[in-house]
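Engineer: Chains as they are written, first to last, in my numbering: chain A, 1 to 407; chain B, 1 to 407. All C-beta atoms, glycine included, are put in the ideal place defined by N, C-alpha and C.
Number of protein chains: 2
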Amino acid sequence: MKKNLSELAIWGNSPIFENQIPVGQINLPSWEYFCDSFHDLFERRYYTNHGVLTQEFEEKLCRLLGTRYALVMTNATIALSLACKGLNLPVGGKVIVPSFTFAATVQALSWAGLEPVFCDITHHSHLITPDTVAPLLDTPGVCAILGVHLWGNACDADGLTKLAKERDISIFFDAAHAIGCTHRGFSIGGFGSCEVFSFHGTKILTSTEGGCITTNDDDLAERLRNLRSSYGRRMTVPIPIAGYGRFSEAQAAFGLLSLEDFPKNCAANEKRMHLYVEGLRAVPGIRFLLPTPGERHNYQYVVLEIEEKEFGLSRDALVRILEAENVLVRRYFVPGMHRCVPYKTQFPQYMNTLPVTDALCEKVMQVPSGQRVTDGDITVICDLIRFVHTHAKKLKGALPKREEPQQ
Amino acid sequence: MKKNLSELAIWGNSPIFENQIPVGQINLPSWEYFCDSFHDLFERRYYTNHGVLTQEFEEKLCRLLGTRYALVMTNATIALSLACKGLNLPVGGKVIVPSFTFAATVQALSWAGLEPVFCDITHHSHLITPDTVAPLLDTPGVCAILGVHLWGNACDADGLTKLAKERDISIFFDAAHAIGCTHRGFSIGGFGSCEVFSFHGTKILTSTEGGCITTNDDDLAERLRNLRSSYGRRMTVPIPIAGYGRFSEAQAAFGLLSLEDFPKNCAANEKRMHLYVEGLRAVPGIRFLLPTPGERHNYQYVVLEIEEKEFGLSRDALVRILEAENVLVRRYFVPGMHRCVPYKTQFPQYMNTLPVTDALCEKVMQVPSGQRVTDGDITVICDLIRFVHTHAKKLKGALPKREEPQQ
């Protein structure tokens with residue numbers, strides 16, 4: 001470990017880690033399994049358009065998630081847009097959605113011709129709640145609520161569904177973070193009209209790129225099957241417009257291997273999370289966003305808030321120091337979606353209506369986890385953060401200036 | 001070969017081919033190359049978000065197509081939608097586009113918030129021309145022309161570009177069929193503001209799924225790079241809305257291998273095309289859509305028109321007989337896009353304005369080509385088509401009734 005402040009990499013010294021430690025990297029299966037699986041695929045000479053591996057992957061997802069249907073798609077953004085069309089949300093309609101979410105949640109609405117109604121969250125959970133949603137239900141043109149199970153923790157699905165039913169509007173969830181997680185003992189996947197998962201390369205269950213929509217609604221599933229490719233599925237049911245969300249056999253092959261390793265990868269990440277919690281327990285101004293006790297969780301993200309006053313430095317300053325040491329922590333979400341193009345100019349009315357979101361956007365960060373992050377790495381990262389806290393007073397104001405990228 | 005009419009599979013007999021011969025199937029590289037390439041990818045542990053293979057694939061595409069930029073995307077449909085946003089086509093704007101095209105051409109416009117203005121084609125080329133486009137330029141709200149280089153033959157890019165310039169509207173092309181083809185000696189890829197290619201599994205150059213946008217316009221290229229993923233590319237230029245069109249390293253690995261085999265695969269398909277032309281030369285009522293003489297071509301599709309009067313049977317009847325024999329020929333386009341949902345109800349004004357399109361939709365079919373179709377297969381398919389022609393009179397009216405799938 002660095003002994004003196006002057007040894008920090010932020011001043012131009014060598015970083016503590018020779019190689020960059022990204023916050024998310026791919027969880028690979030063994031090469032032997034990978035090679036066997038791709039050889040079979042190759043021999044079949046069938047590479048896309050709902051092949052046998054895709055069907056097998058869908059069946060296994062249904063079993064994991066306890067849903068009647070799991071429809072895999074090119075990626076989760078497209079899956080969200082297709083979900084909007086599957087739910088027959090009208091072009092020009094408005095959807096209540098958190099601003100504190102990955103950009104794609106809101107962009108997917110835009111691509112489906114819908115407008116976001118940005119909703120604040122509670123500090124405690126980082127999630128929208130019936131209380132934060134209720135005042136927005138009177139906005140003219142609201143046709144749906146899109147909840148986000150951020151960091152794998154579930155929204156109050158029952159409370160939100162009750163509100164949606166009362167108003168006769170749709171409710172669905174962005175569950176990109178929440179594969180394998182439960183809410184009140186039930187698997188996420190079966191809440192609302194449908195839920196959308198991501199299998200991006202950095203997700204704990206991955207098909208390199210990819211996503212899926214889960215539902216228990218027979219009619220919606222059939223509409224989604226028709227929406228998934230340009231020609232539909234013989235157009236057995238009416239849909240507003242076909243899309244393009246096909247999943248390749250290469251994605252399915254990878255997804256199936258990832259599914260086999262899923263319990264093992266979750267358990268390893270759980271251990272990593274505990275090491276971080278242990279290592280940073282004594283540091284003032286650090287709060288972990290931990291899984292809800294009693295629920296099953298995937299532990300894919302280690303998320304914490306930095307309270308500048310107690311920690312002694314802002315989250316942004318800490319991030320810069322860690323990045324210089326090759327610890328690629330990531331800030332979330334900078335800025336909130338209501339402050340991003342095109343929304344900040346299209347919908348300026350939300351600029352000062354989301355105080356919790358705005359506050360959290362200054363505090364939240366993710367630290368590296370996943371297959372390549374060793375116990376030793378975590379020990380070093382925790383030591384480094386404690387070291388920064390100890391010397392926070394001296395560091396404050398001494399850091400070189402940095403320009404923010406344009407948003 | 002079948003000797004008697006009664007031996008045809010359409011009556012329930014065994015098909016002439018034991019296995020189905022699809023009209024398009026994947027052109028695979030050798031397993032050894034594939035395995036080596038994926039092993040390298042695996043070792044790098046980097047699977048998506050503009051990795052090294054993606055960059056290499058883009059560079060090689062630029063060299064093949066002679067364009068300054070080639071931006072690879074998830075698939076060609078998404079590439080077309082992103083192109084619309086890159087060109088800043090306004091939501092609610094109208095785009096002149098042929099109805100005689102793959103569904104995704106038009107659906108991509110819809111997903112970008114644009115309306116199609118359906119344009120007829122000339123019988124000779126199956127393409128829109130300045131003459132078919134000109135009368136539509138006065139439609140209020142027209143902001144662009146989207147030409148389609150159908151079957152790899154180029155639209156009159158110069159004539160159409162002249163029209164677009166006169167009206168100060170955008171022009172771009174769907175070149176999904178046209179990789180490696182030339183127009184007046186220049187590679188398709190550099191016409192209009194941009195062109196969109198497909199690398200779907202059934203394309204002669206394939207990344208299993210995938211597509212790309214080519215352009216020589218620096219600003220447009222930078223906008224497209226920002227449009228390609230949810231967070232853009234640090235948002236270095238203003239864009240209307242980010243999209244999700246990322247290309248995985250697995251797609252790039254496959255694409256690079258396919259690129260190596262591309263000249264070989266084109267040459268093999270050229271030979272297949274000549275075998276079909278030879279084999280069906282003497283049959284009345286069959287017209288081939290051949291590559292324009294003097295141009296380079298990829299020969300990926302063998303397309304023909306069936307004139308019922310001279311051939312003795314309709315295209316649809318011939319298709320059914322061939323399908324029963326496991327020759328999976330395909331009809332194009334059934335029906336034209338102006339007769340498909342949602343366009344037939346949204347824009348009923350085009351119902352009777354596209355006589356050439358409507359006529360061709362009854363006549364055009366594609367016969368199997370590609371890596372798995374042997375010379376012997378083609379001989380048998382040609383024999384079969386000649387046999388059907390010889391007995392057309394007896395067959396007519398004797399075929400069992402079949403229900404059309406709902407469109």
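#1: Spatial neighbours of A:N13 within its chain, please: CB distance less than 7 Å, with the 5 preceding and 5 following residues excluded, ordered by chain position.
#2: Is the CB of B:P116 under 8 Å away from at least one CB in chain A?
#3: Quick one: is B:R68 near chain A, going by C-beta distance under 8 Å?
#4: Please report the distance separating the alpha-carbon of A:Q406 from that of A:R315.
#5: Name, in chain order, the residues that DSSP records as bridge partners for A:V142.
#6: Report the neighbours of B:F199 on chain A: residues whose CB is nearer than 8 Å to its CB, in chain order.
#7: Can you give me the Cβ contacts of B:T129 inside the same chain, cut-off strictly under 6 Å, excluding the 5 residues immediately before and after it?
#8: Output yes if chain A places a C-beta closer than 8 Å to the C-beta of B:Y33; else output no.
#9: Run the CB neighbour count on A:Y47, radius 10 Å, all protein chains shown included, and call it buried at 16 or more, exposed below.
#10: Please report the distance separating the alpha-carbon of A:W31 from that of A:R44.
#11: Where does B:V329 fall in DSSP's three states?
#12: Under a Cβ-count criterion, where at least 16 other Cβ atoms within 10 Å of its own Cβ denotes burial, should A:D120 be classed as buried or exposed?
#13: Anything in chain A within Cβ reach of B:S230, meaning under 8 Å, just list it in chain order.
#14: Taking 7 Å as the limit between beta carbons, can you name the residues of its chain near A:E222, skipping five residues before and five after?
#15: Here's the rule I'm using: 16 or more other beta-carbon atoms within 10 Å means buried, otherwise exposed. How should B:E195 be labelled?
#16: DSSP state of A:Y244, grouped into three classes?
#17: From the DSSP output, in three-state form, read off A:G51 for me.
#18: Who pairs with A:R287 in a beta bridge, going by DSSP?
#19: In chain order, what residues of the same chain lie with their CB nearer than 8 Å to the CB of A:L256, ignoring the 5 residues before and after it?
#20: Determine the DSSP secondary structure at A:G211, reduced to helix, strand or coil.
#21: Give a yes or no on whether 8 Å exceeds the smallest Cβ distance from B:G57 to chain A.
#22: Considering only the beta carbon of each residue, do B:G243 and B:R228 sit closer than 8 Å?
#23: Which residues in chain A have a C-beta closer than 9 Å to the C-beta of B:W111? List them in chain order.
#24: Check the Cβ of B:Y301 against every Cβ in chain A and list those closer than 8 Å, keeping chain order.
#25: Since A:S248 meets chain B, which of its residues come closer than 7 Å, beta carbon to beta carbon?
#26: What does the Cβ neighbour count give for A:T182, buried or exposed, with the cut at 16 atoms within 10 Å?
#27: Hey, out of B:L313, B:T161, B:H149, B:H391, whose CA is closest to B:L289's CA?
#28: For the alpha helix (DSSP H) that A:M235 lies in, which residues bound it at each end?
#29: Give the straight-line distance between the Cα atoms of B:R233 and B:R246, rounded to the nearest whole angstrom.
#30: With a threshold of 16 other CB atoms inside 10 Å of the CB of A:M1, please say whether the residue is buried or exposed.
#31: So the candidates are B:I239, B:P400, B:F172, B:G376; which of them puts its Cα closest to the Cα of A:Y343?
#32: If we require 4 or more residues per run, which alpha helix (DSSP H) segments fall completely within the segment 101 to 146 of chain A?
#33: Enumerated in chain order, which unbroken segments of the alpha helix (DSSP H) with a length of 4 residues or greater are wholly contained in the segment 362 to 397 of chain B?
#34: To the nearest angstrom, how far is the alpha carbon of B:E260 from that of B:Q251?
#35: Give the DSSP-derived three-state secondary structure of B:H334 in the structure shown.
#36: Compare the C-beta of B:H39 against all C-beta atoms of chain A and say whether one is closer than 8 Å.
Structural biologist: Straight from the coordinates:
#1: Closer than 7 Å at the Cβ level, and outside the excluded window around A:N13, lie E7.
#2: Residue-level contact check: B:P116 does not touch chain A, since none of the beta carbons of chain A fall below 8 Å from its beta carbon.
#3: So, not an interface residue.
#4: For A:Q406, the predicted model reports a pLDDT of 46, less than 50, meaning its position is unreliable; a value from the coordinates is still stated below. Note on geometry: alpha-carbon atoms of A:Q406 and A:R315 lie some 19 Å from one another.
#5: Partner(s): A:K94.
#6: Contact of B:F199 with chain A by beta-carbon distance below 8 Å is absent, the smallest such distance being about 11 Å.
#7: The residues are T122, D156.
#8: No, no contact with chain A.
#9: Counting every other CB atom within 10 Å of its CB across the protein chains shown gives A:Y47 a total of 16 or more, marking it as buried.
#10: Roughly 20 Å between the two C-alpha positions.
#11: B:V329 falls in the coil class under three-state DSSP.
#12: That one is buried.
#13: By Cβ distance, chain A contributes T77, F102, A103, A104, Q107.
#14: Sequence-distant partners of A:E222 (beyond 5 residues in either direction) whose C-beta falls short of 7 Å from its own C-beta, in its chain, are T236, V237.
#15: When all chains shown are included, B:E195 counts as buried.
#16: Coil, per DSSP.
#17: A:G51: coil per DSSP, three-state reduction.
#18: Residue pairing for A:R287: DSSP places it in a beta bridge opposite A:E305.
#19: Excluding positions up to five away in sequence, the list reads S37, L53, E56, F57, K60.
#20: Here A:G211 sits in strand by DSSP.
#21: A small correction: the amino acid at residue 57 of chain B is Phe; Gly does not occupy that position in the sequence shown. B:F57 does not count as touching chain A.
#22: Closer than 8 Å, so yes.
#23: Ordered by position in chain A, the residues that pass the 9 Å Cβ test against B:W111 are S81, W111, A112, G113, I241, G243, Y244.
#24: Correct list: empty, because the minimum Cβ distance to chain A is about 17 Å.
#25: The answer, in chain order, is T208, E209.
#26: Burial call: buried.
#27: Out of B:L313, B:T161, B:H149, B:H391, the CA that lies nearest to the CA of B:L289 is found in B:H149.
#28: Segment: none, A:M235 is in no alpha helix (DSSP H) and carries neither H nor E.
#29: B:R233 and B:R246 have their alpha carbons spaced roughly 12 Å apart.
#30: Answer is exposed; the Cβ neighbour count stays below 16.
#31: Its Cα nearest to that of A:Y343, the residue B:I239 stands out among B:I239, B:P400, B:F172, B:G376.
#32: Within the segment 101 to 146 of chain A, the complete alpha helix (DSSP H) runs of at least 4 residues are 103 to 111, 130 to 133.
#33: Within the segment 362 to 397 of chain B, complete alpha helix (DSSP H) segments of at least 4 residues are found at 375 to 390, 392 to 395, given in chain order.
#34: Rounded to whole angstroms, B:E260 and B:Q251 show a C-alpha spacing of 14 Å.
#35: The displayed chain sequence assigns Val, not His, to residue 334 of chain B. Of the three classes helix, strand and coil, the one that applies to B:V334 here is coil, per DSSP.
#36: Interface residue (Cβ-Cβ distance to chain A less than 8 Å): B:H39 is classified as such.
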